[in-house]
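Working notes, structure below.
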Ligand SMILES: [Zn+2]
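Residue numbers (the working numbering): 373 to 796.
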């Protein structure tokens, strides 16, 4: 049977997608990348390139296979929405390139022969040249397809998550996938575990079991508002208990999630096998900072979570971040429950100074910071890493505070590098 080729055109395309240099890139799905086809003779013709470099569908790991087929169906539905075709053709052939990929063709009723297979009808010569994918000319088509994918499966449409009641009384919503050593991803304020999606995929690919819960009161998790950050750490340990995960796991905390991870180190040391502190800090708020949080909490209670979105967004992303990323996150921040947001502001204001704990941290620690982070700047990350014995410090170029969504590949690489290290 055919084998995956060493010099593989699909692998090269996926690499270009990851670098952002693929002219036809539309979206990254759970199990692969969506690109517009090199020929747009059928406008909207798109491919799904499988993330796993297998040759045949049945070679995908069983847990991935069903999700991959769901992605194929999702892409077909999105092409259907974006292009309103007479009929969709969905094909996986791979006779030339032995890396699983799917073609989705929107067929039109007014074609010369709408009943014939596509491959005999591919234009040749000048007609082929005229139909070639052009990033500028087909930008509208890319956008329409991306929007259709987003409407069907994007962040705003996140399907109901598995939610379980844990011993602390909270209902914890969880994104869980992959197999291998456990990595617990703790989101920041006022966000949800969806923050970690692009990083989580890469950790799963590298052989980890990844847990990305929503903290109590955020996203789809429920519970009385947490008065202190210790409550969040306790919730997460209770969640590990509920999942029968008994040994130490890697805790990755972003921003407020970093404060929670440090609480976990103080309160549940036996459950912390490694720490990664991403765009966060160890110090406490000063008097002015605390007062500012209290004032913001009161405004949130009066006016809703939109005031937090407006207060944070101007400083959240680096200068290189595309504007639509900020818009996407504005929508998510506005949707946060005001009671949880106000409680978290007060809990952050009251958080203890963790700097005294740093020299005693006896597990591998990775400190990651966006080089353009204006909320917890690199100087704070350097100071924190410098105080922890053997800590690995990685600064991510081209990223602001939201490094996990601005530069997920670089953040995932830094985390994987840190997770691979032995105990100091
Ligand atoms: Zn390949």
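A virtual CB, placed ideally from N, CA and C, is assigned to each residue, including glycine.
Whole-number beta carbon distance between residue j and residue i, since they are thought to touch under 8 Å
i	j	result
residue 399	residue 584	The Cβ separation is near 19 Å, so there is no contact.
residue 764	residue 575	Rounded, the Cβ-Cβ distance is 16 Å, inconsistent with contact.
residue 730	residue 759	4 Å
residue 708	residue 562	4 Å
residue 724	residue 656	6 Å
residue 622	residue 591	No, residue 622 and residue 591 are not in contact; Cβ-Cβ is about 21 Å, not under 8 Å.
residue 406	residue 447	6 Å
residue 710	residue 676	5 Å
residue 458	residue 487	Rounded, the Cβ-Cβ distance is 10 Å, inconsistent with contact.
residue 626	residue 558	7 Å
residue 505	residue 408	6 Å
residue 719	residue 540	Their Cβ separation, rounded to whole angstroms, is 15 Å, which puts residue 719 and residue 540 out of contact at 8 Å.
residue 392	residue 427	That belief does not hold up - the Cβ atoms of residue 392 and residue 427 are roughly 27 Å apart, past 8 Å.
residue 370	residue 493	No answer is possible for residue 370: it lies beyond the span of the chain, which begins at 373 and ends at 796.
residue 776	residue 568	6 Å
Distance CB(residue i)-CB(residue j) smaller than 9 Å
i	j	result
residue 421	residue 386	yes
residue 415	residue 455	yes
residue 571	residue 644	no
residue 605	residue 633	yes
residue 418	residue 376	no
residue 782	residue 794	no
residue 647	residue 733	yes
residue 425	residue 383	yes
residue 538	residue 607	yes
residue 721	residue 662	yes
residue 628	residue 688	no
residue 618	residue 581	no
residue 523	residue 535	no
residue 739	residue 649	yes
residue 462	residue 444	yes
residue 432	residue 472	yes
residue 767	residue 741	yes
residue 652	residue 748	yes
residue 395	residue 503	no
residue 668	residue 680	yes
residue 755	residue 654	yes
residue 435	residue 602	no
residue 690	residue 743	yes
residue 595	residue 636	no
residue 450	residue 521	yes
residue 589	residue 784	no
residue 702	residue 685	yes
residue 452	residue 478	yes
residue 639	residue 609	yes
residue 620	residue 579	no
residue 411	residue 516	no
Any non-hydrogen atom of ligand 2 closer than 8 Å to residue i Cβ
i	result
residue 688	Looking at this structure, you won't find ligand 2 anywhere; what it does contain is ligand 1.
Uninterrupted beta strand (DSSP E) stretches inside the region 601-670 (no shorter than 3 residues): As far as the region 601-670 is concerned, its whole beta strand (DSSP E) runs of at least 3 residues are 621-626, 644-650.
message: As a quick check of your reading: which residues have a C-beta less than 6 Å from at least one non-hydrogen atom of ligand 1, in chain order?
response: Here the list is 376, 380, 382, 383, 425, 471.
- request: Output the residue ranges of the beta strand (DSSP E) runs that lie fully inside the region 444-493 and measure 3 residues or longer, sorted by chain position.
  value: Runs found: 459-463, 473-479.
task: Just list the alpha helix (DSSP H) runs in the region 689-755, keeping only unbroken ones of 4 residues or longer that don't cross its boundaries, in chain order.
output: As summarised for the region 689-755, the continuous alpha helix (DSSP H) elements at least 4 residues long and confined to that stretch are 695-706, 710-721, given in chain order.
- prompt: Hey, which unbroken runs of the beta strand (DSSP E) at 3 residues or more fall wholly within the region 550-578?
  reply: Entirely contained in the region 550-578, the beta strand (DSSP E) runs reaching 3 residues are, in chain order, 554-558.
task: Tell me the start and end of each unbroken beta strand (DSSP E) in the region 498-546 that is at least 3 residues and wholly inside, in chain order.
output: The region 498-546 contains these whole beta strand (DSSP E) runs: 534-537.
field: Sequence ranges, beta strand (DSSP E) only - wholly within the region 384-409, length at least 3
entry: Fully enclosed beta strand (DSSP E) runs of 3 or longer: 397-401, 404-408.
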